[in-house]
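Enquirer:
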Amino acid sequence: MKRITITLLILAAAGLQLNAQTKGKKTAAIKPQPLSATVMAKGKMIYNKYCLACHMADGAGVPNMNPPLSKTSYVLGDKTRLINVILNGLATGEEIDGETYTNVMPAHNFLSDQEIADVLSFVRNSFANKATGITVQEVKALRAKNIKK
């Protein structure tokens with residue numbers, strides 16, 4: 007019983023000290039955690055098979071035809087929008103960051119949830135991009151939501 011009491015006192019003191027150290031400090035923005043080499047390798051394989059022909063090896067796309075994947079709001083912004091692009095495709099005349107692109111992007115909803123998560127995580131962390139990865143759960147939830155529509 008005495009050990010438990012001492013342990014609780016030590017933990018309480020450590021918590022008070024930590025609170026005093028962080029009080030008044032702004033919390034830093036959450037940095038994206040590095041993705042595993044496996045996710046990046048699998049994502050790159052899927053990219054090379056399905057995306058490279060239109061978006062190019064460097065992710066630069068083709069002006070006025072296929073949008074770039076480097077530092078665009080579609081890639082670095084809302085994950086939901088990006089996942090939906092893979093699941094539903096994009097229509098012609100799509101405007102992305104002030105540029106209009108004329109090629110239709112077909113839906114790639116034949117890819118598994120894991121493949122979509124891997125390729126989007128790869129894209130969000132390649133071509134000078136640094137963003138959080140996409141999880142299988144995020145893809146699965148959106149796919150289910152799209153099916154209900």
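Heads up: the sequence shown begins at 7 in the numbering used here, then just goes up one per residue.
Ideal Cβ positions, reconstructed from N, Cα and C, are used throughout, including at glycine.
Note down, in chain order, each residue of its chain lying with its Cβ closer than 6 angstroms to the Cβ of Asn131, except the 5 sequence neighbours on either side.
Expert: For Asn131, where only same-chain residues beyond five positions count, the Cβ hits under 6 angstroms are Leu41.
Enquirer: Please report how far the alpha carbon of Val68 lies from the alpha carbon of Asn94, in whole angstroms.
Expert: Answer to the nearest angstrom: the Cα atoms are 21 angstroms apart.
Enquirer: Report the partner residues of Thr106 according to the DSSP bridge assignment.
Expert: Per DSSP, Glu101.
Enquirer: Please report the straight-line C-alpha distance between Ile52 and Met111, rounded to a whole angstrom.
Expert: Looking at the two C-alpha atoms, the distance is approximately 16 angstroms.
Enquirer: Just to confirm before moving on: does the CB-CB distance between Val81 and Val129 stay below 8 angstroms?
Expert: Yes; because the gap between Cβ atoms is below 8 angstroms, this pair is in contact.
Enquirer: Any heavy atom of the ligand SAH within a distance shorter than 7 angstroms of the CB on Asn131?
Expert: In the structure shown, the ligand SAH is absent, as is every other ligand, since no ligand is present at all.
Enquirer: Can you check which of these residues, Ala134, Thr138, Ile140, is closest to Lys77 by C-alpha distance?
Expert: With distances taken between Cα atoms, Lys77 lies closest to Ala134.
Enquirer: Can you list, in chain order, the residues of its chain whose CB lies under 7 angstroms from that of Asn175, leaving out five sequence neighbours each side?
Expert: The structure shown does not extend to residue 175, since the chain is modelled only from 7 to 155, so the question has no answer here.
Enquirer: Let's test the definition: count the other Cβ atoms within 10 Å of the Cβ of Ser79 and tell me whether it reaches 16, buried, or not, exposed.
Expert: Burial call: exposed.
Enquirer: Taking C-alpha atoms, which residue in Asn54, Gly65, Leu58, Glu144 lies nearest to Ala123?
Expert: Among Asn54, Gly65, Leu58, Glu144, the Cα nearest to that of Ala123 is on Glu144.
Enquirer: What is the rounded straight-line gap between the Cα of Lys139 and the Cα of Arg149?
Expert: For the sequence presented, residue 139 should be read as Gly rather than Lys. Approximately 17 angstroms, taken between the alpha carbons.
Enquirer: Report the three-state DSSP secondary structure of Met71 (helix, strand or coil).
Expert: In this structure, Met71 counts as coil in the three-state DSSP scheme.
Enquirer: Assign Asp119 to one of two classes, buried (16 or more other C-beta atoms within 10 Å of its C-beta) or exposed (fewer than that).
Expert: When all chains shown are included, Asp119 counts as buried.
Enquirer: Compute the Euclidean distance between the alpha carbons of Lys48 and Tyr56, then round it to the nearest angstrom.
Expert: If I take the Cα positions, the gap works out to 12 angstroms.
Enquirer: Pull the bridge partners of Met111 from the DSSP assignment, please.
Expert: DSSP output for Met111 lists Leu96 as bridge partner(s).
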